[in-house]
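Here is the structure we will look at.
Residue numbers (our numbering): 44 to 501.
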């Protein structure tokens, strides 16, 4: 049996966080608005509070709490459920986060899933000035959701959805490791110049035993380059980024509905893959294709390192986005790995930021400024070998990202049916002859999880 639950009727306690006194490190973590995104809490973005400034124990975040950003256009309404807390840390929030303590743990988690699904609508619940509006708590508390009345059914739903989220998180962690491997290899080869010595160079110096050894640390000859003001390997040349990359190769002025649109919020701060946003009204701008690297060209997105690799477009599909992107494409369309790593390198980003022009609020960098970025250009065989080694990483990352996309779609499709009772989660020992909707769910899950299937190995 299901019934309507009004959020305000289930809230035992509602309170704001504190005004923190920040220090470099302590045992007290302070969550801020940046920490809450995509229905998750990123504790890595938290700051530290001076424990000498006391606060009420009621402000300490507990497992089962529901957190909502309460101020700011575009940030207010973002929510997350506190399922786990960091060990050996006291966690509090700043005054821009609302803490809701709900009467039941799994009811609170159900509310979190449902509020996240309605996040764009809730972000309209604003009072006050445009920039610093406050979330209207009365309107929030009047929201109702239809949910199972039995606590054990709510628990089963949450645990089932959490399994899907766990798989998504595992894929994300694998992708992070793959990204780190690609970045490390880039640093060794193109910053420290410890790329493997080729057979051609080994023959040139008359010592075949040098083949495959790291160039610089094995005594490879370095020469000072006047243009770059640094030493580079003997066979390398100085050049500009435009010598190996195209910048903004296509500019589309097409308008209307498009099947695939990438917006600025889709660009990851930490990560290479770019989420695909479908079916959006398009007013003209950039046109993308798979293996393009896109960089945010405006403040503060550029400073925050927002870049992405386009890799999720289906056959015959074209991506579009605003002119606030700069597109980087290899001249021979095979340098996606190098372009990704270069765009995220510290020197390249510092160069881009130094070339920004305009008012302080909306500074931009031009594609021409990035085209003329000076770089040491290795022989083609070095670039190709780097692509050969790292393409496997990026291909696996694409498989995991596509799988996550399908899992997210499945979770969002299941959510309302689970909550209103159209589909139920079977318990051990129950009759497995469930209704047609549940059978369809099993088929969908099987398709996503199938080894070697459409979405690759898990």
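Beta carbons are placed, not taken as given, at the ideal position from N, Cα and C, and that holds for glycine.
Taking residue 27 as the reference, give the member of 201, 384 and 323 with the closest Cα.
-> Residue 27 lies beyond the stretch modelled for the chain, which goes from 44 to 501, so this question has no answer here.
Residue 281 vs residue 271 beta-carbon contact at 9 angstroms = Reading the chain shown from its first residue, position 238 is the one you call residue 281. Reading the chain shown from its first residue, position 228 is the one you call residue 271. Yes, these two residues count as a Cβ contact at 9 angstroms.
Tell me which same chain residues have a C-beta within less than 6 angstroms of the C-beta of residue 136, skipping the five on either side of it?
-> Residue 136 sits at position 93 when you count from the first residue of the chain shown. 60 and 74, listed in sequence order.
Close-in-space but distant-in-sequence residues of the same chain around residue 499 (CB under 6 angstroms, 5 per side omitted) | The residue labelled residue 499 in the question sits at position 456 within the chain shown. Caution applies to residue 499, whose pLDDT of 33 falls short of 50 and renders its modelled position unreliable; the value that the coordinates give is listed next. Result list for residue 499: 442, in chain order.
Are at least three pairs of beta-carbons, each pair with one atom in the stretch 132-148 and one in the stretch 160-171, less than 8 angstroms apart?
-> no
Which whole runs of the alpha helix (DSSP H) in the stretch 165-240 are 4 residues long or more, in chain order?
-> List check, alpha helix (DSSP H) in window: 180-184 and 194-229.
Distance between residue 268 and residue 253 (C-alpha atoms, nearest Å) = As a position in the chain shown, residue 253 is number 210, starting the count at 1. As a position in the chain shown, residue 268 is number 225, starting the count at 1. About 24 angstroms.
Take residue 189 as the anchor and find which of 95, 49 and 182 has the nearest alpha-carbon.
-> Translated into the one-based positions of the chain shown, residue 189 becomes position 146. The shortest C-alpha separation from residue 189 is found at 49.
The alpha helix (DSSP H) spanning residue 459 covers which residue range?
-> Your numbering for residue 459 matches position 416 in the chain shown. Residues 423-463.
Reduced DSSP category for residue 96 - H, G, I as helix; E, B as strand; rest coil = Residue 96 sits at position 53 when you count from the first residue of the chain shown. Correct three-state label for residue 96: coil.
Using the beta-carbon count (16 or more within 10 Å), is residue 46 buried or exposed?
-> Position 3 of the chain shown holds residue 46. It is exposed - the Cβ of residue 46 has fewer than 16 other Cβ atoms within 10 Å.
Just curious, the alpha helix (DSSP H) that residue 385 is in, first and last residue?
-> Working through the chain shown from its first residue, we reach residue 385 at position 342. Here the alpha helix (DSSP H) through residue 385 covers 379-387.
Go ahead and label residue 494 buried or exposed: buried means 16 or more other beta carbons lie within 10 angstroms of its beta carbon, across all protein chains shown.
-> In the chain shown, the residue the question calls residue 494 occupies position 451. Its pLDDT being 41, under 50, residue 494 is placed unreliably by the model, and nothing is read from it.
Continuous alpha helix (DSSP H) assignments of at least 4 residues falling wholly in the stretch 237-273 | 242-247
Candidates 223, 378, 80 and 344: which alpha carbon is nearest residue 408's?
-> Residue 408 sits at position 365 when you count from the first residue of the chain shown. Measuring from the Cα of residue 408, the nearest candidate turns out to be 344.
Identity of the residues DSSP links to residue 289 by a beta bridge | Position 246 of the chain shown holds residue 289. According to DSSP, residue 289 bridges with 372.
Do residue 165 and the ligand SAH come close, with the Cβ less than 8 angstroms from some heavy atom?
-> What this structure holds is no ligand at all, so the ligand SAH is not there to describe.
Start-end ranges of the alpha helix (DSSP H) lying completely within the stretch 127-164, minimum 4 residues | Qualifying alpha helix (DSSP H) stretches, in chain order: 148-160.
Give the secondary structure of residue 396 by DSSP, where H, G and I count as helix, E and B as strand, and everything else as coil.
-> Looking up residue 396 in the chain shown gives position 353. In the three-state reduction of the DSSP assignment, residue 396 falls in the helix class.
Which whole-angstrom value describes the C-beta separation of residue 236 and residue 259, a residue pair presumed to lie in contact below a C-beta threshold of 8 angstroms?
-> By 1-based counting over the chain shown, the position of residue 236 is 193. By 1-based counting over the chain shown, the position of residue 259 is 216. Going by Cβ atoms, the distance from residue 236 to residue 259 rounds to 4 angstroms, so yes, they are a contact pair.
May I ask you to report which of helix, strand or coil DSSP gives residue 78?
-> On the chain shown, position 35 is the one that residue 78 refers to. The answer is helix: DSSP assigns residue 78 an H, G or I state.
Report buried or exposed for residue 404, applying the criterion of at least 16 other Cβ atoms within 10 angstroms of its Cβ.
-> Within the chain shown, the letter at position 361 stands for residue 404. An exposed status is given to residue 404, since fewer than 16 other beta-carbon atoms sit within 10 Å of its beta-carbon.
What number of angstroms, rounded off, separates the C-alpha of residue 183 from the C-alpha of residue 51?
-> Residue 183 sits at position 140 when you count from the first residue of the chain shown. Residue 51 sits at position 8 when you count from the first residue of the chain shown. Rounded to the nearest angstrom, the two C-alpha atoms are 8 angstroms apart.
Presumed contact (8 angstroms Cβ cut-off) between residue 352 and residue 445, rounded CB distance = Taking the chain shown and counting its residues from 1, the one referred to as residue 352 is at position 309. Taking the chain shown and counting its residues from 1, the one referred to as residue 445 is at position 402. That pair is no contact at about 13 angstroms.
Okay, do the stretch 415-431 and the stretch 223-233 touch, 3+ Cβ pairs below 8 angstroms being the bar?
-> yes
Buried versus exposed, by CB contacts within 10 Å (16 or more), residue 145 = Locating residue 145 in the chain shown gives position 102, counting from the first residue. Buried, by the Cβ-count rule.
Taking only the alpha-carbon atoms, compute the straight-line gap between residue 69 and residue 98 and give it to the nearest angstrom.
-> As a first step, residue 69 must be located in the chain shown, where it is residue number 26. As a first step, residue 98 must be located in the chain shown, where it is residue number 55. Roughly 15 angstroms between the two C-alpha positions.
Close-in-space but distant-in-sequence residues of the same chain around residue 57 (CB under 6 angstroms, 5 per side omitted) = To locate residue 57, count along the chain shown from 1; it is residue 14. Here the set comprises 143.
Name the DSSP bridge partner or partners of residue 344?
-> In the chain shown, residue 344 corresponds to position 301, counting from 1. The partner list for residue 344 (beta bridge, DSSP) is empty, contrary to what the question assumes.
Could you please give me the residues that DSSP links to residue 47 through a beta bridge?
-> Sequence index remark: in the chain shown, residue 47 carries index 4 (1-based). Looking at the DSSP output, residue 47 shares a beta bridge with 189.
Nearest neighbour of residue 155, chosen from 82, 89 and 86 [CA to CA] = Locating residue 155 in the chain shown gives position 112, where the first residue counts as 1. Nearest option by C-alpha distance: 82.
Touching by the beta-carbon criterion (3+ pairs, under 8 angstroms), the stretch 324-342 and the stretch 455-467 | no
Buried or exposed: residue 251, going by 16 or more other Cβ atoms within 10 Å of its Cβ?
-> The residue you call residue 251 lines up with position 208 of the chain shown. Residue 251 comes out exposed.
Taking residue 126 and residue 106 to be in contact with their CB atoms under 8 angstroms, please state how far apart those CB atoms are, rounded to whole angstroms.
-> Residue numbering aside, residue 126 sits at position 83 when the chain shown is read from its first letter. Residue numbering aside, residue 106 sits at position 63 when the chain shown is read from its first letter. Rounded to the nearest angstrom, the Cβ distance from residue 126 to residue 106 is 7 angstroms, consistent with a contact under 8 angstroms.
Going by Cα to Cα distance, which pick from 285, 157, 338 and 401 is closest to residue 463?
-> Along the chain shown, one-based indexing puts residue 463 at 420. From the listed residues 285, 157, 338 and 401, the smallest Cα separation to residue 463 is found for 157.
With distances taken from CA atoms, which of 349, 336, 128 and 87 is nearest residue 378?
-> Translated into positions along the chain shown, residue 378 becomes position 335. Residue 336 is the option with its Cα nearest to residue 378.
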